[in-house]
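Have a look at the structure below, then the notes.
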Amino acid sequence: MVYFNLLLIIVIGSVITLLELPGLLQQEKRGELIAFCCFLLIGIALSVAITLKLPVPNPTNGIEFVFRPVTRLFYPE
């Protein structure tokens, strides 16, 4: 069942790429193409990690790590 889920993730990622990539290449939107590829690869990698039951970091912890010092500048304890 795990192999089927992995195959499904790869197929869905490939279909999304086949649908979106030609338009981005035609319009020569290099920045959007790079952003699209980065987000798609991150999404596929996280989906594979979740499917394989690997520990995936909580994005809230990263956001808190970045914004806590900024918040303390404006609202000192």
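In terms of my numbering, the sequence shown opens at residue 2 and continues consecutively.
All residues carry an ideal CB built from backbone N, CA and C; glycine is no exception.
Within the continuous alpha helix (DSSP H) that includes residue i, where are the two ends?
i      : result
Glu-65 : 60-75
Glu-33 : 31-52
My output table needs one value for residue i: the three-state DSSP class, helix, strand or coil.
i      : result
Pro-23 : helix
Leu-55 : coil
Using only the alpha-carbon positions, how far apart do residue i and residue j sit?
i      : j      : result
Ser-48 : Leu-19 : 19 Å
Arg-69 : Gly-63 : 10 Å
Gly-14 : Leu-7  : 11 Å
Ile-43 : Ile-17 : 14 Å
Phe-5  : Glu-78 : 51 Å
Phe-40 : Ile-10 : 14 Å
Using a Cβ distance threshold of 8 Å, determine whether the segment 20-30 contacts the segment 65-75, with at least three qualifying pairs required. no
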